[in-house]
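Colleague:
Residue numbers (the UniProt record's numbering): 1 to 535.
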C-alpha cells in the first residue's frame, strides 16, 4: 500500500458498511439508499462576525437572509450491534435517529463517527472497564480526518481467503476456559473431545488433531511423500471431477519396474475450480472403482462443511466412500488453526507416528481445540450466509454485462467466486492491484477509502467470502439493485448502452472513468462498491 493515499492507521473489518458523519451533519452510506428518509431542508440563521462592509450592508437591507443547509437523517442500523467497536454497550435509542450506550446510560446521535468518538472517550472506556468488558476501540480515528475535520474511514475488504477471520469474543473465552494437558502424551481432554466430535461427525472410528491442513495431507500420504516421491495428476473437469476411465488407465499393474499405485486423493470443495462441491454420485462411483482396484481413497476436506451445506447432505455422507479424510477448522469455520485427520483406529495409530516425524505434536493444544469445537457448534449453522453473499456479488458482476470481466453464475456454488478477465483490456494481476489502491477522487465520492484484496489466478481473480465470528443473526441478506449504487458501469466499455435505471447525475462519462478510475479502460471502483454490501 502506497503512503500517498493510505493514512497512518487503518481499521480492518469484513463486509462492514461505513457512513461518514461530521460537523453535526449525518451523511448516509451509499448502500443505505433505500433506508434514507426524504431529504430535510432546514433554515439556519446566518451569523456574520467581522464581515466586510459590503456584507454588512447586504444583511442590513436583507435582515431575513437565511442560508439553506441540506441535512440527511441517519437511521440507527441494527448491524452496527455486531461491529467489534460497539459490542457490549450499543443499543437502540428512543427514536430511529438515536442510539443508546448501556454502560453510560446516555442517548447518542445515530451516526457511526459520533458513536466511535463516544467509544474513544475516557469516561466511556473507564465505565467499560468497570463493567468488565474488553472491547478494543481504535484511538487513531483522528489520523484519518481530512482537512475539513470530516472522517474518511479506511475499510479493507479482504477476499483473498476465508482464513482471514478474527475469533469472536465467545471463541476466545472458550479457548481461555478450556482445560488443557499434554497432547503428546494423549493427556489433553479438550483435544480428545474435539477428535471424538469430528470422528462422530464424519462417522469414522477415530480422528487426529494436527496443526494445519497441509500437515494433515502429509500425514495421510505418509513418510514417502517427504522423500520426494511424487504423485500423478489427472486433469479436472469444470465441475471438479475427473474421468474415472482415465484414472483406471493410470493405475499401474503389479510390475517391479514401477511404483505400486495405492492411493487416490480428491479435494472437496474444489478450490481451483471455483469452490465446486463434488457430486455425490460421482464420489460413490469413485469409491466403487477404488474398492475394485484395491486402492485407498482420501478426501482433502479443506472446505468439506461448505460442500455439505451446498449439497444439503451431512459431511459423513460425503466421506462415506473414503478410507480417510481431513477437515480444516480455519477455512470457512473461523478457528485460528488446526485440522483433523479421520479414519480407522489402526490408520490413526500410524498417523500419530507420522505426525511426530513432521513435528506436529502439540503439548498444551487444548485452547486451539476449544476454538475448533466452538466453530463446529456455532459457525457451521451460519455458513449459508457466505454462500449467499458470494452469489450476490457474482450476480451483481454478471449484471454489468461486461466482456472484460465476467463470471459464470452457475459455477458459484459455495463461498468462492472466480472473476474471469479477458487479458486484453485488463488481466487478473492488474485488476487486483487496482482494487488494492485508493485514489483521492474515489475517497471524495465514497466518503471513505475502500480497499479490496483478492487473489489473481492466471486469467481469473478469486474472491472468497467469509463470515467473521460475530453474533449476527443468520437471516437472508438483502442487497440493493445495481441502479442504486453510484458511479459508472463496466458495460460502459463493452456495450454501446448503459443501464437506463441510473440517472444522469449519478453516472460519470466513459471518458472521465477512463481517466480517473480505470485499469486499462475498466472501471474497477464498481467492484469496490460490490464488496461493500453487507447484511
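Glycine is no exception: its CB is placed at the ideal position from the N, C-alpha and C atoms.
Predicted model only: the values in this text are computed from it and were never measured.
List the endpoints of the continuous alpha helix (DSSP H) containing residue 190.
Modeller: 189 to 201 is the extent of the alpha helix (DSSP H) around residue 190.
Colleague: Give the secondary structure of residue 343 by DSSP, where H, G and I count as helix, E and B as strand, and everything else as coil.
Modeller: strand
Colleague: Short check: CB of residue 119 to CB of residue 76, under 9 Å?
Modeller: no
Colleague: Count the other CB atoms, across all protein chains shown, that sit within 10 Å of the CB of residue 357; report buried if there are 16 or more and exposed otherwise.
Modeller: exposed
Colleague: Taking only three categories from DSSP, how would you classify residue 418?
Modeller: strand
Colleague: Near residue 264, which residues of its chain fall below 6 Å by C-beta distance, leaving aside the five closest residues on each side in sequence?
Modeller: 290, 295, 297
Colleague: From which residue to which residue does the beta strand (DSSP E) around residue 99 run?
Modeller: 98 to 101
Colleague: If you count every other CB in all the chains shown that lies within 10 Å of the CB of residue 149, and 16 or more means buried, which is it?
Modeller: Any answer about residue 149 is weak, because its pLDDT of 45 lies below 50 and its placement is not dependable; what the coordinates show is given next. Exposed: under 16 other Cβ atoms inside 10 Å.
Colleague: For residue 252, count neighbouring C-beta atoms within 10 Å of its own C-beta (all shown protein chains included) and say buried if the count is 16 or more, exposed if not.
Modeller: exposed
Colleague: Restricting to Cα atoms, I'd like to know which of 126, 405, 413 is closest to residue 424.
Modeller: 405
Colleague: So does the segment 164 to 174 actually touch the segment 338 to 345, counting three or more Cβ pairs closer than 8 Å?
Modeller: Flag = no, the segment 164 to 174 and the segment 338 to 345 do not touch.
Colleague: Return helix, strand or coil for residue 354, following the three-state DSSP convention.
Modeller: helix
Colleague: State yes or no: is the C-beta of residue 238 within less than 9 Å of the C-beta of residue 266?
Modeller: no
Colleague: Between which two residues does the beta strand (DSSP E) carrying residue 300 extend?
Modeller: 296 to 301
Colleague: State the start and end residues of the unbroken beta strand (DSSP E) segment that holds residue 315.
Modeller: No beta strand (DSSP E) holds residue 315; the alpha helix (DSSP H) holding it covers 315 to 318.
Colleague: Looking only at C-alpha atoms, which of 276, 88, 107, 258 sits nearest to residue 97?
Modeller: 107
Colleague: Determine, using beta carbons only, whether residue 371 and residue 329 come nearer to each other than 9 Å.
Modeller: yes
Colleague: Give the C-beta separation of residue 326 and residue 394 to the nearest angstrom, bearing in mind that I take them to be a contact with Cβ-Cβ under 8 Å.
Modeller: That belief does not hold up - the Cβ atoms of residue 326 and residue 394 are roughly 28 Å apart, past 8 Å.
Colleague: So what's residue 109 in DSSP terms, helix, strand or just coil?
Modeller: strand
Colleague: Let me know if residue 475 comes out buried or exposed under the rule of 16 or more other beta-carbons within 10 Å of its beta-carbon.
Modeller: In this prediction, residue 475 has a pLDDT of 35, which is less than 50 and means its spatial position is unreliable; what the coordinates show is noted afterwards. Burial call: exposed.
Colleague: For residue 386, which of 308, 280, 416, 373 has the nearest alpha-carbon?
Modeller: 416
Colleague: Report the three-state DSSP secondary structure of residue 255 (helix, strand or coil).
Modeller: In the structure shown, residue 255 sits in coil (DSSP, three-state: anything other than H, G, I, E or B).
Colleague: Among 301, 81, 379, 427, which residue has its Cα nearest to the Cα of residue 212?
Modeller: 301
Colleague: With DSSP as the reference, identify every bridge partner of residue 276, one or two as the case may be.
Modeller: 270
Colleague: Exposed or buried, which one is residue 473 when buried takes at least 16 other CB atoms within 10 Å?
Modeller: Confidence at residue 473 is low in this model, with a pLDDT of 33, below 50, so the placement of that residue should be treated as unreliable; the coordinate-derived value is given next. By the neighbour-count rule (16 or more Cβ atoms within 10 Å), residue 473 is not buried but exposed.
Colleague: Can you give me the start and stop residues for the beta strand (DSSP E) that residue 398 sits inside?
Modeller: For residue 398, there is no enclosing beta strand (DSSP E); the enclosing alpha helix (DSSP H) has its first and last residue at 383 to 398.
Colleague: Kindly identify the DSSP beta-bridge partner or partners of residue 209.
Modeller: 340
Colleague: Do residue 311 and residue 376 have their CB atoms nearer than 9 Å?
Modeller: no
Colleague: Grab the span of the beta strand (DSSP E) containing residue 457 for me, first residue to last.
Modeller: 455 to 457
Colleague: Could you tell me the distance, in whole angstroms, from the CA atom of residue 123 to the CA atom of residue 177?
Modeller: 30 Å
Colleague: Is it right to say residue 315 is buried, meaning 16 or more other beta carbons lie within 10 angstroms of its own, or is it exposed?
Modeller: buried
Colleague: Taking only the alpha-carbon atoms, compute the straight-line gap between residue 546 and residue 390 and give it to the nearest angstrom.
Modeller: What is shown of the chain runs 1 to 535, which leaves residue 546 out entirely.
Colleague: Bridge partners for residue 452 per DSSP, in chain order?
Modeller: 157
Colleague: Could you pull the start and end residues of the beta strand (DSSP E) that residue 362 belongs to?
Modeller: Unbroken run through residue 362: none, as it is neither H nor E.
Colleague: Once DSSP output is grouped into helix, strand and coil, what is the label at residue 324?
Modeller: Strand at residue 324.
Colleague: So what's residue 264 in DSSP terms, helix, strand or just coil?
Modeller: Strand at residue 264.
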